[in-house]
Amino acid sequence: MSGNHGERIQAGSAQLRFPYDSHKRVEERAWIEARVMELAEYTDPESRGYTRLAFSKEDTLGRKAVSRFMKDAGLAVRVDAAGNIIGRMNGRQADAPIITTGSHIDTVREGGRFDGVAGVIAAIGAVRCLRSRDFPTQHPVEVVVFTSEEPNEFGASTVGSRAMAGTLDKRLLVTLKNKEGLSLDEAIQRVGGSAKGINEAARARGDTLAYLELHIEQGPTLDNMGIPVGVVNGIAGFARGQVTVVGSTDHAGTTPMDVRKDALVAAAEAIQVLERVGRRKDLPNTFATIGVVENYPNAANVVPGRVVMVTDVRNTEMEFIERAEHAFQEELRKISTRRGVDISFDRSNISFPVNMDTWVTGLIEESCQACGVPYHLMTSGAGHDASHMAGITRAGMIFVPSRMGKSHCPEEWTDFGDIALGAEILAATIFKIDERAKEVGEHGQGNC
């Protein structure tokens, strides 16, 4: 997979019949802003920032709002067995493979207003753009709001896109439960899906001509470069693991310092070790994080006896992820011996790096060039629904800038003008895919 280094490309000679219109873009900016800000209102009132967890009442309200946005844009709306909301614009050829675009509207806890939402609203905006400029497509176009892209209270993520790609393990629907004992199966039913018919949500290769996803970058590159569009050529993979440190629970006031087996101190050392692994020059473009720490018994006057942590290691090359985890485990063994504690490491989840389709990526670039928009070729360090859709069809992604790179926090911000521009590039790319499908055949191939 290509690295994180692209070039700023100025407007080229590529010509497109798609009618770019800066005046209509201003109108779309206002439309986009109103919808993004409405969705921002559907947040847990007791939470800082913006919290709309998958399957929550706030998520339900957001889903109803997006369905309304779709209907207002002239889309026929339905919910599939995985709970994905699908808005369809028919093409002139009813049985032609589908051009799909979309993202998600669920958030992390105390997140921002734009992650996922920008892509959903831009996708609806792209359909509005095609309609308003009188560009009927040969292929049907579907806007999808994927169910639960973010990690949910059941311990799963990218539920909707995995179901559509046919890679969702049906057993998880029953075995995964939240703290109240509700199963993932039951949660999906509450949003209109049907776990019993989950296979019906899966699409065969050939059903979808291409998948496009607009998303905020969630990093500082575009903002720092002053470039309005990123063209994504690949998505990094990640591996998550659980580290369990078991020491000895003792009284904080009577246990001598030199005989303690403090699990939290050992865990703190492990956190620093993983950071050093992520900085190693022989593991370029590695990102290593421990974002979850659970301390037991978590009392001020007790020496911690047990700590559970979750690691997250990312890279565009699977080899580097494997090497980073191996190096970390070697250091864990040393900490265990030195501090007299037991440390275990178990990988809990893995997502392999994914390349975006070169034909789709090239059409996104052509659309930028025809519009006179500078862009930057780049990889994504964050995971997306596009990773799973790439398994069944040609996939591409468009990034728009995140101010100061902030994301997954209340300060997350993307200018509405950038989203409107991205929506226009998205619409133009949909048009080009529709117009030039014969270049690659009528059926999506995917990366499998």
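Each number in my numbering comes from the position in the sequence shown (counting from 1) with 1081 added on. Quick reminder that beta carbons are idealized off the backbone N, C-alpha and C, glycines included. On a predicted model such as this, the values are computed, not experimentally measured, just so you know.
Can you look up residue i in the DSSP assignment and give me helix, strand or coil?
i: Ile1180; result: strand
i: Asp1331; result: strand
i: Gly1359; result: helix
i: Ala1095; result: Unreliable positioning characterises Ala1095 in this predicted model, as indicated by a pLDDT of 44, which lies under 50. The coordinate reading is nonetheless provided below. Three-state result, Ala1095: coil.
i: Gln1323; result: strand
i: Ala1157; result: strand
i: Phe1368; result: strand
i: Ile1090; result: Confidence in Ile1090 is poor, its pLDDT being 40 and thus under 50, which makes the residue's placement unreliable; the coordinate value appears in the next sentence. If DSSP states are grouped into helix, strand and coil, Ile1090 belongs with the strands.
i: Ser1461; result: strand
i: Gly1278; result: helix
i: Arg1173; result: coil
i: Val1521; result: coil
i: Val1107; result: helix
i: Val1147; result: helix
i: Val1272; result: coil
i: Gly1084; result: Bear in mind that a pLDDT of 39 at Gly1084, under 50, signals an unreliable position, so the number given afterwards is only what the model happens to contain. Here Gly1084 sits in coil by DSSP.
i: Thr1510; result: helix
i: Thr1302; result: helix
i: Glu1492; result: coil
i: Ser1468; result: helix
i: Phe1558; result: An answer regarding residue 1558 cannot be provided, because it is not within the stretch 1082 to 1529 covered by the chain.
i: Glu1516; result: helix
i: Ala1283; result: coil
i: Asp1499; result: helix
i: Lys1152; result: helix
i: Glu1122; result: coil
i: Cys1529; result: Model confidence at Cys1529 stands at a pLDDT of 39, short of 50, so the residue's coordinates are unreliable and nothing is read from them.
i: Ala1504; result: helix
Are residue i and residue j closer than 8 Å when you measure CB to CB?
i: Asp1187; j: Leu1134; result: yes
i: Ile1180; j: His1220; result: yes
i: Ala1347; j: Gly1328; result: yes
i: Ile1269; j: Leu1249; result: no
i: Val1481; j: Ile1511; result: no
i: Arg1106; j: Leu1502; result: yes
i: Ala1344; j: Gly1318; result: no
i: Leu1458; j: Asn1314; result: yes
i: Pro1026; j: Thr1392; result: An answer regarding residue 1026 cannot be provided, because it is not within the stretch 1082 to 1529 covered by the chain.
i: Arg1209; j: Ala1276; result: no
i: Gln1410; j: Phe1426; result: yes
i: Thr1330; j: Val1389; result: no
i: Arg1241; j: Leu1257; result: The sequence given here places Gly at residue 1241; Arg does not occur at that position. Taking 8 Å as the Cβ cut-off, Gly1241 and Leu1257 do not qualify as a contacting pair.
i: Gly1247; j: Ala1204; result: no
i: Gly1192; j: Tyr1123; result: no
i: Ser1429; j: Gly1322; result: yes
i: Glu1231; j: Val1189; result: yes
i: Gly1197; j: Trp1112; result: no
i: Ser1468; j: Ile1316; result: yes
i: Thr1474; j: Arg1286; result: yes
i: Val1160; j: Met1151; result: no
i: Arg1144; j: Gly1498; result: no
i: Val1422; j: Ala1405; result: no
i: Ile1308; j: Glu1350; result: no
i: Met1170; j: Met1470; result: no
Can you pull the DSSP bridge partners for residue i?
i: Asn1396; result: Gly1318
i: Lys1258; result: Ser1264
i: Ala1291; result: Ile1180 and Arg1475
i: Phe1227; result: Per DSSP, none; premise fails for Phe1227.
i: His1296; result: Phe1480
i: Asn1376; result: Val1388
i: Val1117; result: The partner list for Val1117 (beta bridge, DSSP) is empty, contrary to what the question assumes.
i: Arg1341; result: Answer is none; Arg1341 lacks a bridge partner.
i: Gly1168; result: Val1158 and Val1224
i: Val1383; result: His1332
i: Tyr1131; result: Gly1192
My guess is that residue i and residue j are in contact by the Cβ rule of under 8 Å, so how many angstroms apart are they, rounded?
i: Gly1172; j: Ser1184; result: Actually they do not touch by this definition, with Cβ atoms about 22 Å apart.
i: His1489; j: Met1478; result: In fact, because the Cβ distance is near 18 Å, the residues do not count as touching under 8 Å.
i: Leu1290; j: Pro1178; result: 4 Å
i: Ser1483; j: Gly1300; result: 6 Å
i: Phe1136; j: Ser1229; result: 7 Å
i: Leu1507; j: Leu1295; result: 5 Å
i: Phe1195; j: Val1117; result: 7 Å
i: Ile1424; j: Val1326; result: 5 Å
i: Gly1462; j: Phe1368; result: 6 Å
i: Val1224; j: Gly1168; result: 4 Å
i: Val1272; j: Gly1164; result: 4 Å
i: Val1310; j: Val1454; result: 6 Å
i: Leu1120; j: Ala1146; result: 6 Å
List, from N- to C-terminal side, the beta strand (DSSP E) runs of 3 residues or more that fit wholly inside the segment 1388-1443. 1423-1432
Only counting runs of 4 or more residues, tell me where the alpha helix (DSSP H) segments fall wholly within the segment 1185-1256, in order along the chain. 1198-1213, 1240-1246 and 1251-1256
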